[in-house]
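Notes for the one structure printed next.
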Amino acid sequence: MFKKLNQLFQGSKESPEQKYLQENQLSFDSERGPLIKNIVINEKWSEHLEYFSNRKLQNFDDLRKLFQITPQINEKIDLEIASQRYVERLGNTQEKLLELKAIIQILNQYYVMFLRDK
Numbered sequence: 256m257f258k259k260l261n262q263l264f265q266g267s268k269e270s271p272e273q274k275y276l277q278e279n280q281l282s283f284d285s286e287r288g289p290l291i292k293n294i295v296i297n298e299k300w301s302e303h304l305e306y307f308s309n310r311k312l313q314n315f316d317d318l319r320k321l322f323q324i325t326p327q328i329n330e331k332i333d334l335e336i337a338s339q340r341y342v343e344r345l346g347n348t349q350e351k352l353l354e355l356k357a358i359i360q361i362l363n364q365y366y367v368m369f370l371r372d373k
């Protein structure tokens, strides 16, 4: 209710949430999940997420759970980068793993800033 009233008084001014979505080229599709730069994250990265979360997550749809598991995911990614032993079946490289970490960070920031109970 407050959000609607706030938007009404602001007129055409963009909300912080809209700005964040535009700056990070982030959008959400009800069927396909989150998209960054028009790339369906679930299609490209779900197998990686399942591996790094120890099968706790199969897709990026549950941002709360992703936020909770992120420390474990980041630790596994950092270990793989540090050891330079990349999982071949996933086609992991340092660049791909850093890209995955950046995607997770964008989604986590969105969750913290706009969805999480304060």
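Sequential numbering of the sequence shown, starting at 256, is according to the working numbering.
C-beta: ideal position from N, C-alpha, C; glycine also.
Can you tell me whether residue i is buried or exposed? The criterion is at least 16 other CB atoms within 10 Å of its CB, across all chains shown.
i: Leu353; result: exposed
i: Phe307; result: buried
i: Asn309; result: exposed
i: Leu370; result: exposed
i: Leu334; result: exposed
In its own chain, which residues sit with a C-beta less than 7 Å from the C-beta of residue i, not counting the 5 before and 5 after it?
i: Pro289; result: Leu281, Phe283, Ile296, Phe315, Leu362
In this structure, what does DSSP give as the bridge partners for residue i?
i: Phe288; result: Sequence check: residue 288 is Gly here, not Phe. Asp284.
i: Ile294; result: Ile291
I believe residue i touches residue j by the beta-carbon criterion, under 8 Å. Please report the beta-carbon distance rounded to the nearest angstrom.
i: Ile359; j: Thr325; result: 6 Å
i: Ile336; j: Gln349; result: 5 Å
i: Leu345; j: Glu302; result: 6 Å
i: Tyr226; j: Leu318; result: Outside the displayed span of the chain (256 to 373) sits residue 226, for which this structure offers no information.
Helix or strand or just coil, what does DSSP make of residue i?
i: Val367; result: helix
i: Thr325; result: helix
i: Asp333; result: helix
i: Tyr275; result: helix
Go through its chain and collect everything with a Cβ distance to residue i's Cβ below 8 Å, but skip five positions before and after it.
i: Leu312; result: Leu304, Glu305, Lys320, Leu321, Ile324
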